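So the sequence lines, in the order shown, correspond to chains Y and X.
Numbered according to the working numbering, the first sequence spans residues 1 to 419.
Numbered according to the working numbering, the second sequence spans residues 420 to 979.
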Amino acid sequence: MAEVELECRLARNYTLENVPNALAYLLIKVIPDPALDFGSMPVNLGLVIDASRSMGGKKIKFAREAAKLLVNALSPQDSVSVTIFSDDAEVIVPATKAGQVGPIIYALDKMHVISGTRMYHGMETGVREMQKAGFDNAINRMIILTDGMTEGEERCCSIAEQEADNRVVISTFGIGDKYNEDLLIDISGKTLGSFQHLQSPEHIIKQFQQELRESAASVISDVRLSIHLTKDVELEQIHRIFPDCVKLKPGVESEGRVLSVAVGNIRKDEQTCLGAQFRLPSRSASRMQIAQVYVNYSVPALQIQDRVLKNSVIVEFTGDHDLCGMVDREVIAYFNQINAQSLIEKAMKETKAGNIAAATQLLNQAQLLTQRIGNAPLTRIIDDAVQEIKNTGVISSGVMKTVRAGSSQTVRIAEADIK
Amino acid sequence: MMYYDDRTKRSNNNMICPNCKSEISDRDQYCPNCGTLSAEQWTDSGAQDSTWLSPGTILRKQYKIEKAVGGGGIKKYIASSLNAANKFLIEEKTCSFDEQFELLKAVHSPDIQKVYDHFTVEGSDYIVLELCEGKSLFEIAAETWPNEDRAIGIAINLCNCISEIHQAGYIHLNIEPGSIYIVENRVRLFNFENILHVGDSRASYFTLEGYSAPELLTKESNIDCRADIYSIGAVLYWMISKKTIALTANYLDMLEHISSPELVRIISSCTTSDPALRCSNLSELRGKLTDYQISSRRKSYFTSTLITDKGMVRCDNEDSCLVLDIERYTEEGLRSYGLYLVADGMGGQQAGEIASSTAVKAIQTTMLEILNAVEIPSYPDLIKRAIGKANLEIYHTAQSNRQYNSMGTTVTLGLRVDNELYIGHVGDSRAYLIRQGTIKQLTCDHSVVANLLKAEMITQAEAQDHPDRGKIYRSLGSSPDVVIDTYQQIGEDDKLKLESGDSLLFCTDGLTAHLTDEEILQEAEKHSNGADICNNLILLANRHGGSDNISIVLVKSRIN
Chain Y
1 MAEVELECRL ARNYTLENVP NALAYLLIKV IPDPALDFGS MPVNLGLVID ASRSMGGKKI
61 KFAREAAKLL VNALSPQDSV SVTIFSDDAE VIVPATKAGQ VGPIIYALDK MHVISGTRMY
121 HGMETGVREM QKAGFDNAIN RMIILTDGMT EGEERCCSIA EQEADNRVVI STFGIGDKYN
181 EDLLIDISGK TLGSFQHLQS PEHIIKQFQQ ELRESAASVI SDVRLSIHLT KDVELEQIHR
241 IFPDCVKLKP GVESEGRVLS VAVGNIRKDE QTCLGAQFRL PSRSASRMQI AQVYVNYSVP
301 ALQIQDRVLK NSVIVEFTGD HDLCGMVDRE VIAYFNQINA QSLIEKAMKE TKAGNIAAAT
361 QLLNQAQLLT QRIGNAPLTR IIDDAVQEIK NTGVISSGVM KTVRAGSSQT VRIAEADIK
Chain X
420 MMYYDDRTKR SNNNMICPNC KSEISDRDQY CPNCGTLSAE QWTDSGAQDS TWLSPGTILR
480 KQYKIEKAVG GGGIKKYIAS SLNAANKFLI EEKTCSFDEQ FELLKAVHSP DIQKVYDHFT
540 VEGSDYIVLE LCEGKSLFEI AAETWPNEDR AIGIAINLCN CISEIHQAGY IHLNIEPGSI
600 YIVENRVRLF NFENILHVGD SRASYFTLEG YSAPELLTKE SNIDCRADIY SIGAVLYWMI
660 SKKTIALTAN YLDMLEHISS PELVRIISSC TTSDPALRCS NLSELRGKLT DYQISSRRKS
720 YFTSTLITDK GMVRCDNEDS CLVLDIERYT EEGLRSYGLY LVADGMGGQQ AGEIASSTAV
780 KAIQTTMLEI LNAVEIPSYP DLIKRAIGKA NLEIYHTAQS NRQYNSMGTT VTLGLRVDNE
840 LYIGHVGDSR AYLIRQGTIK QLTCDHSVVA NLLKAEMITQ AEAQDHPDRG KIYRSLGSSP
900 DVVIDTYQQI GEDDKLKLES GDSLLFCTDG LTAHLTDEEI LQEAEKHSNG ADICNNLILL
960 ANRHGGSDNI SIVLVKSRIN
């Protein structure tokens, strides 16, 4: 097998003939060869930590400890910078090779709280430091930790948009219940990073370490998906479904027939699954290539640059209902993960609008799906939210943030797990 | 089924695409234009094998096979009777048709496929069924899609057919447009091969994309009649939106394709993924659909959205707005009223808020009082009376409280009576009509800048940055009398006749200070959902500075 394999599977290979606008669900799996040593890539880590007054006490203390543990866990080839922000930003650890741990740890001890929250200052300064370490041939990961509302939210989003082009993945961590999770979700979504809600300062250490582990494993870089659509076939939506669920916004070329989107860096130890939903034209009985799927990737550690995988997606139009009834349950289960996330997002909107009954109903639907899929952690999170509604009639800000962060966490589906 | 022959080949050995007639080079498997597999590669998966009965075969000395139809697990034939000229559909499979036969024998409904016979020959089970001579919904839609009223009628009739099956203790599990036939305007149900006795379960179920309930895709054992209810909702959605329902579709997605929120609610009550949240039985669904059909035949639809935002600069929101839909029985029959109102208060230190909210309350109260009365004055008089009363109330409050003595408010209201709109207006809030890609202001601003513009003393661009922008010379609360504009001020008539697809937009000057009429039109055309339009307009106004409070009431019409 090649170092990475591309697998494309339709939920149904047969569709009814002469029916306009039929749906087709395509699961695209990018599977790294488990037997291959992909090597490692230097991590260019930028920590951007909120140092506003509200971060005082335990929060800043745990952030400091988490940063120290991260620095100790880095390889000598990795780079790290630490920026704190309040009204202004201050670089407390300039971009430094992680081999020189002593001075970094000493510098981290200087982490202190000041007043104000202007996250964009921290992001801009953090990016500048990461740039000094060099974006090329590195896994560029910024980790933002904040506990409050920031000024200049739009500016933060435009920085994220800009840095997505520089292949910087920004993962956001919110702590407490005063920050704006919409903003953090937006920032991480734009750069294909993750958003995590930390219920208490004690969780900072664990989550930072988890983030570092995932970053270090993401050695298959610059992954790009292109879908060349056949005439009259429409792509309705595309998601990265696993390891986490993010809606992708593809760029469109060639009069809508070529759609292309960056998938980011992917892990060497886990498959990545994407889901594309198509609308098909009406056809009489025939076999049709509805799309060609291309995946480009690089593995810098193996000196592999811009390799291309290609797969054709074929559907057969038939009048045979029995053939149309054949379904790939694994594909459906992956798409149900998108469904669950969308139900949760809608439930949270209803909660914000004060429609608690509608929100509960949507959460129950989402829970039914997560149970069927076998996503136990998300099922528990939803259950907590439903219980809280039962007990108090509302969903607290903290639980809402936990649910929203949890909704993007998906599971790998195996045929045996499909209930 | 598509057949290929030598005519699909060109002299240069390149193929001609059987679908789009483009040339396919011999290197390509699929047509580069439309993706169809070239004829040389094509083998029909549904093609019949040698185990099928050949034409002329006589079964049970009674039925003569004429031809085979379809393919797959159940073999189907058109057969004729040896004794009479009748034609039948004969189905053949290796397992038993007992259940299907028993059900169809037990149900005596003219709308359900008739069954004539059931027998076994050489290990194969046969069932002799009525051959339908009408057209399936698929075939009908290929010619003309049913309109909404017709689609609902079909769904109601479908509920009647299927309830017979449910009462007999079975679930159909194959409700899709190919199983529904329209014969002489009657809905008839066919394709019973997947029926399930209530309480029984199978290792796996037949499912069809876009029509089958999601629980059939999982290994759940408690399949019940709600699986059929899902399919009725999915078929209804397909008939109206012309699209099969997506696995991930939710209420908001459906609103993109179906304009009536009430109808989307009914369809959602069938197609929600959780069976527990679906209509629990067919009579409940039939009731909802019938009520909807009666009400949609009776009146037009007006959906309204109200959104207000304090903007980017002001600490408080001094705007007030109102949307009120009511129905009243009058001598002329049932009448539908809509009251849409925006008011932009002024005066500082909460006085503006008090002025605008007083206007809203006073107008609402007066309107309701008069509309409930036996005799209703002319609608322009009613509007003038209501606004005049609000003016007096604000004026007296301002006079009796020193801290409020400079307060006032604009008011722009629309009173819709069925499909006709009456307008009342004081100040510089505005009403717009958006119709077929155009936007028209229905009110004249009572402002200094508007007068300068009217006199052509300044240009539109100069008006946008004029230092007196925002200064108005007419408002509620400044004197005991106020001159109120009605639609007569700009129209030939005293009312505007609304058309299907019209949008009415009422807004305070927080919106128009930052967006031109063309920009408002552009946003209104971009989205179909009222909330999306309003939210995006507010977002744009805030992006351009958000110097004042912004309030929008948007009304969209759909007239039968």
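Beta carbons: idealized from backbone N, C-alpha and C, even for Gly.
Every value quoted in this text rests on a predicted model; they were computed, and no experiment measured them.
Residue ranges of uninterrupted beta strand (DSSP E) with 3 or more members, entirely inside the region 176 to 239 of chain Y and ordered along the chain, are 195 to 198, 220 to 229. The DSSP assignment places 720 to 728, 738 to 749 as complete runs of the beta strand (DSSP E) inside the region 707 to 764 of chain X, in order along the chain (cut-off: 3 residues). Contact annotation for X/D735 against chain Y: no contact, minimum CB-CB distance about 20 Å [criterion: below 9 Å]. Scanning Y/F242, Y/F135, Y/F173 for the CA closest to the CA of Y/A414 turns up Y/F242.
Within the region 496 to 565 of chain X, the complete alpha helix (DSSP H) segments at least 4 residues long are 517 to 525, 556 to 562, listed from N- to C-terminus. Ranked by Cα distance from X/T831, the first of X/G553, X/T927, X/L956 is X/T927. Between Y/A95 and Y/S75, the C-beta spacing is not below 8 Å. Runs of the alpha helix (DSSP H) spanning 4 or more residues and lying entirely within the region 51 to 124 of chain Y occur at 58 to 73, 101 to 108, in chain order. X/L958 sits in a helix when the DSSP states are folded into three classes. Residue environment for Y/Q337: buried (at least 16 other C-beta atoms within 10 angstroms of its C-beta). Taking CB atoms only, Y/T410 has no neighbour in chain X less than 8 Å away. Nearest to Y/I31 by C-alpha distance, out of Y/E345, Y/V315, Y/Y334, Y/D269, is Y/D269. Under the 8 Å criterion on CB atoms, Y/S40 is classed as non-interfacial with respect to chain X. Y/A333 has no beta-bridge partner at all, per DSSP.
A distance below 8 Å separates the beta carbons of X/V547 and X/Y535.
With a beta-carbon spacing of about 17 Å, X/G896 and X/N968 fall beyond the 8 Å limit used to define contacts.
Buried is the label assigned to Y/M111, since at least 16 other Cβ atoms lie within 10 Å of its Cβ. Under the 8 Å criterion on CB atoms, X/D693 is classed as interfacial with respect to chain Y. With a cutoff of 8 Å on beta-carbon distance, X/T828 and X/A869 are scored as not near each other.
The beta carbon of Y/T230 sits closer than 8 Å to some beta carbon of chain X. In the DSSP assignment, X/A850 falls within the unbroken beta strand (DSSP E) covering 849 to 854. For Y/D322, the uninterrupted alpha helix (DSSP H) run begins and ends at 321 to 324, by DSSP. The C-alpha of X/I584 lies about 15 Å from the C-alpha of X/Y649. The residue among Y/I266, Y/E163, Y/D37 with its C-alpha nearest the C-alpha of Y/S188 is Y/E163.
In the structure shown, X/H815 falls within a helical segment according to DSSP collapsed to helix, strand and coil.
Here Y/N140 is near Y/V168, since their CB atoms are less than 8 Å apart. The criterion of a C-beta distance shorter than 8 Å is not satisfied by Y/I220 and Y/V293. Note that the C-beta distance between Y/V48 and Y/T83 is below 8 Å. Y/A359 carries a helical assignment under DSSP once its states are collapsed to helix, strand and coil. Within its own chain, the residues whose Cβ lies closer than 8 Å to the Cβ of X/S441, once the five positions on either side in sequence are excluded, are I435, C450, P451, N452, C453, listed in chain order. Within chain X, the residues N669, Y670, L671 have their CB atoms less than 9 Å from the CB of Y/K346, given in chain order.
Collapsing the DSSP output to three states places X/N579 in a helix. Under the Cβ criterion of 8 Å, X/C740 is not counted among the residues facing chain Y. Remark: fewer than three beta-carbon pairs, one from each stretch, lie closer than 8 Å, so the region 848 to 858 of chain X and the region 868 to 884 of chain X are not flagged as touching. Residue environment analysis places X/C953 among the buried positions, since at least 16 neighbouring C-beta atoms fall within 10 angstroms of its C-beta. Shown here for Y/C245: same chain residues with a beta carbon closer than 7 Å to its own, the five before and five after excluded, namely H239, Q337, I338, Q341, S408, T410 in chain order.
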